[in-house]
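Chemist: Take a look at this one; I'll ask things after.
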Ligand code: C2E
Ligand code: CA
Ligand code: CA
Ligand code: CA
């Protein structure tokens, strides 16, 4: 299939400059990571801007290397993308996240939504929709509680049938979110045709609330555009009360960020849900 080759997707990712030797060594370690069970899925809560109730969580991959410690995805995702390892890693994240979400939905009786990031290479796999459908079946997760996050920075034209794939997933009942909104080059016409339920305002804009009036204007314009197109908005990188107040005042539906919680290991996330239930 197109896009399966090693060199087809280098346009999307920039791996930091390293020596060839270092890269080969890291690639070998990353290959082992999956087999050795060194990968983890952490969860960061997403809350209602009005009530601050937890409405969902985003699954974020972590690599716990026995010697190097916790390695950030910002470091290894680009390499995983470039080597093609992201396809099996992404499948593992999807399955793990759906399984955990289903368990928490049942234990806490909440319609918790689970956000899973899809990388450009995953979106190129012709069997992606089939894979998602079989994971939903296997885990018993209600499709409308799965939220697939697609970054706005992808080069849409380089992914054959992207809109059709997303439409198929949307037709199953899955939700689609446009991640990192404002950082890409999507035209308004593209947003209109993109079968997305939700827009995630990128943290680079949220961070400047109360600092840069231009970024505040972008946040307000994004909210108004999204709402006029009947899309919900979630803001990421909400770190301080001032961000929360601004976003709430301008009608942003949901919030995610350190103000509420950092991404948590599954046990810690579950404990937090249990704690909230007791309140
Ligand atoms: P992203 O999808 O934009 O995820 C949000 C990132 O912002 C996460 O970084 C999260 O920990 C961080 N974050 C959340 N709240 C705050 C905050 O209040 N302040 C600040 N400064 N940061 C906050 P993380 O976990 O390091 O992930 C980085 C990126 O790696 C993600 O960005 C995503 O693009 C990618 N990634 C993570 N997990 C996966 C995965 O399973 N699959 C794929 N394809 N990509 C993933
Ligand atoms: Ca994301
Ligand atoms: Ca994001
Ligand atoms: Ca981001």
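Residue numbers (full-length UniProt numbering): 574 to 852. Just so it is clear, CB atoms sit at the ideal spot from N, CA and C, and this is done for glycine as well. Please read all numbers here as calculations on a predicted model, not as lab measurements.
1) Using only the heavy atoms of ligand 2, determine whether one of them is closer than 6 Å to the beta carbon of residue 752.
2) Taking 6 Å as the limit between beta carbons, can you name the residues of its chain near residue 823, skipping five residues before and five after?
3) Could you tell me how far apart the beta carbons of residue 566 and residue 842 are, in whole angstroms, since I believe they sit closer than 8 Å?
4) Between the Cα of residue 811 and those of 803, 838, 620, 754, spot the shortest distance and give me the residue it belongs to.
5) DSSP state of residue 934, grouped into three classes?
6) Which residues mark the beginning and the end of the alpha helix (DSSP H) in which residue 749 is found?
7) How many Å lie between residue 736 and residue 766 at the Cα?
8) Which residues does DSSP list as the beta-bridge partners of residue 688?
9) Do residue 660 and residue 694 come within 7 Å of each other at the CB atom, strictly closer than that value?
10) Measure the alpha-carbon distance for residue 584 versus residue 757 and round it to whole angstroms.
11) Suppose contacts are defined by Cβ-Cβ distances below 7 Å. Is residue 603 in contact with residue 836 by that definition?
12) Going by DSSP in three states, residue 707 sits in which element: helix, strand or coil?
13) To the nearest angstrom, how far is the alpha carbon of residue 587 from that of residue 852?
14) Looking at chain B, is there any beta carbon in it that lies within less than 7 Å of the beta carbon of residue 851?
15) Does the distance from the C-beta atom of residue 773 to that of residue 807 stay below 7 Å?
16) Going by DSSP, which residues form a beta bridge with residue 809?
17) I'd like to confirm something about residue 834: is its beta-carbon nearer than 6 Å to some heavy atom of ligand 1, or not?
18) What do you reckon, is the C-beta of residue 812 under 6 Å from a heavy atom of ligand 3?
19) Would you mind stating whether residue 770 and residue 749 have Cβ atoms separated by less than 7 Å?
Modeler: Quick answer:
1) yes
2) 793, 796
3) Within the shown structure, residues of the chain are numbered from 574 to 852, placing residue 566 beyond reach of any answer.
4) Of the listed residues, the one whose Cα sits closest to residue 811 is 620.
5) Residue 934 is absent from the structure shown; the chain starts at 574 and stops at 852.
6) First-last for residue 749: 748 to 754, but that is the beta strand (DSSP E), not the alpha helix (DSSP H).
7) 8 Å
8) Among the bridge pairs identified by DSSP, residue 688 is matched with 631, 720.
9) yes
10) At residue 584 the pLDDT is 38, less than 50, meaning the model places this residue with poor confidence and gives no usable figure here.
11) no
12) helix
13) Note that residue 587 scores 49 on pLDDT, short of 50, meaning its location in the model is unreliable; the coordinates nonetheless yield the value given after this. Cα to Cα, the separation comes out at about 45 Å.
14) Within the model displayed, chain B is absent; a lone protein chain is all it includes.
15) yes
16) 829
17) no
18) no
19) yes
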